[in-house]
Amino acid sequence: MSLDHEILKRACADEFESLYRSLYLALSEHQDILLLARTGTEKIFSAVKAIQGQPMFSTHEPRIMFLLCNPGMVAELISSGIMEVEKMGMANIVPGKHTNSLIKQLISFPNLVSGTPAKIIQFIKKGYIDIHTFDAVIIEDVSYFQYLGYFDHLRYLLDTLDEHTKVIFTSKLENQLDLPIPLRNSVHIVNELRLKFPFKFHAFTIIADEAEKPETCFGLLCELNLRPTLVFCSHRGAVIRLEKFLLSKQLKAGSIHGGLSNEEYEQLMAMFRNGTIHVLITTDLATMDTKLPEIEYIVHYHLPLNSKSYQRRNQILLSQRSFGTAFHLIQEDEDQPDFIQTLPDVIHLNLNHQLPLNSWWSTIKLVVEGKGSLSQEDVINLMLTHGKLHRDEIGLFEVGEKCYYQAVSSKKADKAAKRIDGVHFNKSILYASAVDITYS
49 MSLDHEILKR
59 ACADEFESLY
69 RSLYLALSEH
79 QDILLLARTG
89 TEKIFSAVKA
99 IQGQPMFSTH
109 EPRIMFLLCN
119 PGMVAELISS
129 GIMEVEKMGM
139 ANIVPGKHTN
149 SLIKQLISFP
159 NLVSGTPAKI
169 IQFIKKGYID
179 IHTFDAVIIE
189 DVSYFQYLGY
199 FDHLRYLLDT
209 LDEHTKVIFT
219 SKLENQLDLP
229 IPLRNSVHIV
239 NELRLKFPFK
249 FHAFTIIADE
259 AEKPETCFGL
269 LCELNLRPTL
279 VFCSHRGAVI
289 RLEKFLLSKQ
299 LKAGSIHGGL
309 SNEEYEQLMA
319 MFRNGTIHVL
329 ITTDLATMDT
339 KLPEIEYIVH
349 YHLPLNSKSY
359 QRRNQILLSQ
369 RSFGTAFHLI
379 QEDEDQPDFI
389 QTLPDVIHLN
399 LNHQLPLNSW
409 WSTIKLVVEG
419 KGSLSQEDVI
429 NLMLTHGKLH
439 RDEIGLFEVG
449 EKCYYQAVSS
459 KKADKAAKRI
469 DGVHFNKSIL
479 YASAVDITYS
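Residue numbers for the sequence shown follow the numbering used here, beginning at 49 and rising by one.
Shown next, in the form of C-alpha cells:
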C-alpha cells in the first residue's frame, strides 16, 4: 500500500463515515446541498459514494460531473486513488490537452467527468458533453470559484441542468458565502468534526541517520506528490543545505529564513500560496506567518527544542483543516523529547523514488510603471487578450507591496509574460516576467 493510501485510510475513516451518512440522507430529500466542512479529498469521496448509493439511481450507474477550479487537483485525486476505489470510468476535461484526446475519454461514457468550468462549458456548447445525461454535479469549494470570478460560468452551467439533477456545493466553514444561483429544495450540512488522534493530528516516524536525512526527506516528498508541505529545520544553515540538495534532485522547493529580503519573502510566499511550489523549507519562523495556505503535511526534519515550538508547528495543520499529517525524521538512537508523549508509528519509504509531476501553475510578476493599479478583473482580461491564455489557465491573483502576482499555466507562462511585457494599460506601461525556482 502506498504512503498516500495509508494516510487516507487512517485519517479519513471517521470523517468519511460522518459525511457519507449526512449526504446520503440529504440527497434522498433535497435537490441542492450546501456542504460546509474543513475537509479535503474525503469530502469529495463521501459525496461520490452518497450519490452512488441512492436508490433512485439503482437502475443504472449514476453519472456525476465534478467541477473544480484547480486543474492540478484532478491529477491529485487520481494519484491518491480515491476515485479508483470504486472502479469508476473517469474523464478529465482540463486545458492543455489536445481536444481529440479529451473526446476519446468521453466516448466510453464515463461515470465521472471532472474538469475546470470554462473547459467543461466549452465542451457542452460544442456538443461533446450532453449535460442532460448527468444525475448529479459536485462543485468543489464554491468560495474559491467566487474568489476567482467564475460565477458567470457556474450560472450558465446550473441554468442548463435538468430539474432532477442533484447539485452538491462544497465550501469551507465561512460566515459569508455567496452562491451563483438561488438554491432549490435545499439543505445546509455543516460538518465540524475534528478527528481526535494522540496529537490532534496523525503522525508517522521515519528512521534515518543524520547523513541519510536529505535523501530520506527527498523520498518522502516524492511520495507526498505535490501537496502543500512545510519542512522544519532547526537552523538557517540546515534550511539552505536541504533546499540545495532537493533542487539538485530536480525537486522544486523554496526556503524562508531570516536572510531573505522583504521582496524575496513576498514573492516566495505568493508562489507557495498559488501552487507554483508545494514544498517550503523553514525554521520556526514560518509558524509566525498568518497567510500560509492550507498545509496538508509537515515534516519535522529536526525536532523542535521545546513543547511550545512543537505545538505551534503542528497547529498549522489544524488552522484551516480538520486534520493533518506530520512526519518525524529521527535517528534510531535519538532520545525522544519529554513533550512527545507517544512515539508515532514507524513507516518505511519506497526506495524507488519517482519525481512528482511538475506543478500545473507558474507565476507571472506584474509591475505597473507610475501610479497605475491593477484589479483582478484587469489582470484576467490582460491574460486572455494579450497573454492568449484559456480562462482555466489563469489561477490565483495576489497583490504585493510594489507588484502583482498571477498564477498561470506553467506550460504557457514564459510566452504569456513576453506577450504582456511592455503593454500599455491605462496610460501606464506593464512589465511582466515569469518567476520561478531555478534548479542548481
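Glycine residues also receive a C-beta, built at the ideal position from the N, C-alpha and C atoms.
Checklist entry - Where does Ala301 fall in DSSP's three states? => result Here Ala301 sits in coil by DSSP.
Checklist entry - What residues match up with His376 in a beta bridge as DSSP calls it? => result Thr253, His348
Checklist entry - Under 9 Å, do Pro404 and Leu269 count as touching if we go by C-beta distance? => result The beta carbons of Pro404 and Leu269 sit closer together than 9 Å.
Checklist entry - Going straight from the alpha carbon of Glu211 to that of Val347, what length do you get? => result 48 Å
Next on the checklist: Pairs of beta-carbons, one from the region 70-89 and one from the region 218-237, closer than 8 Å: are there three or more?
Outcome noted: yes
Item to check | Where Asp393 falls: helix, strand or coil (DSSP) | outcome: strand
Next on the checklist: Quick check on Asn233: does DSSP put it in helix, strand or coil?
Outcome noted: coil
Checklist entry - CA-CA distance, Ile442 and Gln379? => result 44 Å
Next on the checklist: By the three-class DSSP mapping on this structure, what secondary structure does Ile288 have?
Outcome noted: helix
Checklist entry - From Phe387 to Ala301, what distance separates their C-alpha atoms? => result Taken atom to atom, the span from the alpha-carbon of Phe387 to that of Ala301 is near 30 Å.
Item to check | Cα-Cα separation between Leu154 and Phe193, rounded to whole angstroms | outcome: 25 Å
Item to check | Neighbour-count burial assignment, Thr324, 16 or more Cβ in a 10 Å radius | outcome: Classification for Thr324: buried.
Item to check | Gln402: first and last residue of the uninterrupted beta strand (DSSP E) it sits in | outcome: First-last for Gln402: undefined, no H or E at that position.
Checklist entry - Taking Cβ positions, are Lys413 and Ala480 nearer each other than 9 Å? => result yes
Checklist entry - For Pro158, which residues from the same chain have a beta carbon less than 6 Å from its beta carbon, with the 5 sequence-adjacent residues on both sides left out? => result Gly137, Met138, Ala139
Checklist entry - Would you report the Cα separation of Leu333 and Tyr358, rounded to the nearest angstrom? => result 13 Å
Next on the checklist: Assuming contact is defined by CB atoms lying nearer than 9 Å, are Thr330 and Phe375 in contact in what I supplied?
Outcome noted: no
Item to check | Which listed residue (Val161, Leu202, Asn118, Phe182) has its alpha carbon closest to that of Ser410 | outcome: Asn118
Item to check | Local conformation of Leu243 per DSSP, three classes | outcome: In this prediction, Leu243 has a pLDDT of 40, which is less than 50 and means its spatial position is unreliable; nothing more can be read from the coordinates.
Item to check | Per-residue DSSP class, three states only, for Val142 | outcome: coil
Checklist entry - Where Asn233 and Ala95 are concerned, what is the direct C-alpha to C-alpha distance, given to the nearest angstrom? => result 18 Å
Next on the checklist: Within the continuous beta strand (DSSP E) that includes Glu446, where are the two ends?
Outcome noted: Membership of Glu446 in the beta strand (DSSP E) is indicated by the continuous run 442-447.
Checklist entry - On the three-state DSSP scale, how would you describe Tyr68? => result helix
Next on the checklist: Does Met317 come out as helix, strand or coil in the three-state DSSP assignment?
Outcome noted: helix
Item to check | Under 9 Å between C-beta atoms of Lys141 and Val185 | outcome: Strictly speaking, residue 141 in this sequence is Ile, with Lys absent from that position. No. Outside cutoff.
Item to check | Cα-Cα separation, Asn273 to Glu109 | outcome: 31 Å
Next on the checklist: Please state the DSSP three-state secondary structure of Lys248.
Outcome noted: With a pLDDT of only 46 at Lys248, under the threshold of 50, the placement of this residue in the model should not be trusted; the figure read from the coordinates follows. Three-state result, Lys248: coil.
Item to check | Contact set for Glu425: own chain, Cβ-Cβ below 7 Å, skip 5 residues either direction | outcome: Gly197
Checklist entry - When you compare only the Cα positions, how much space is there between Ala318 and Asp189? => result 20 Å
Checklist entry - Going by beta carbon distance, what residues of the same chain come within less than 7 Å of Asn474, once the five residues before and after it are set aside? => result Correct list, in chain order: Gly420.
Item to check | Boundaries of the alpha helix (DSSP H) in which Tyr204 is found, first to last residue | outcome: First-last of the alpha helix (DSSP H) with Tyr204: 199-208.
Checklist entry - Are the Cβ atoms of Leu290 and Ser282 separated by less than 9 Å? => result no
Next on the checklist: Only counting the same chain, and skipping five residues up and downstream in sequence, which positions put a Cβ closer than 7 Å to that of Pro341?
Outcome noted: Pro276, Phe320, Arg321
Checklist entry - According to DSSP, what are the bridge partners of Gly26? => result Because the chain in this structure spans residues 49 to 488, residue 26 falls outside the shown range and cannot be described.
Checklist entry - So is Pro246 buried or exposed if we call it buried at 16+ other beta carbons inside 10 Å? => result Since pLDDT at Pro246 reaches only 38, below the 50 mark, its modelled position is unreliable, and the value read off the structure follows with that caveat. With fewer than 16 Cβ atoms within 10 Å of its Cβ, Pro246 is classed as exposed.
Item to check | Enclosing alpha helix (DSSP H) for Asp80 [first to last residue] | outcome: No alpha helix (DSSP H) holds Asp80; the beta strand (DSSP E) holding it covers 80-85.
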